[in-house]
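Under my numbering, the first residue of the sequence shown carries the number 289, and numbering increases by one thereafter. Reading through the structure tokens given below for one structure.
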Amino acid sequence: TTRFADRAVYEGDAIEFTAEHCREYFRDGATVVRKVLRPEIVAAMLDDFLERHGPEEYINGLWLESDALRDIFLYSNLGALAAQIYSCSGAETQHEPATALLYRAHIGGGGGGGGGG
């Protein structure tokens, strides 16, 4: 776990995904939800990335490999935001056989059974 694996860090960061957000999202394919993560969380996330990878490195699929991003996704308010998006009229979901966490178990060839590595 990382410093982001603590729900108390995100306490008080409730997000309301409004009916207007839903309309924009399904009409335009995107919407802006302000104040999702506090600036200090975003700055700490960037610091964590730079400590591990440096300013010149771009990693496709970083969210699959970064413990910090995993913890932010799991412990922050982003899950609640996603739940609100999928509760909008017109939302569709798709089941994928392997989740990000299952994929992460195989990075580096340590898990067997197919996966990255």
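Every residue gets a Cβ at the ideal spot worked out from N, C-alpha and C, and that includes glycine. From a predicted model like this one, the values you see are computed outputs, not experimental measurements.
Asked: Within this structure, are the beta carbons of Y298 and Y363 separated by less than 9 Å?; Found: yes
Asked: If you run the structure through DSSP and keep just helix, strand and coil, what is G317?; Found: coil
Asked: Rounded to the nearest angstrom, what separates A302 and G367 at their Cα positions?; Found: 11 Å
Asked: Using the Cα positions of G300 and A371, report the straight-line distance between them to the nearest angstrom.; Found: 18 Å
Asked: Measure from the alpha carbon of A379 to the alpha carbon of each residue in R291, R315 and F292, then state which is nearest.; Found: R315
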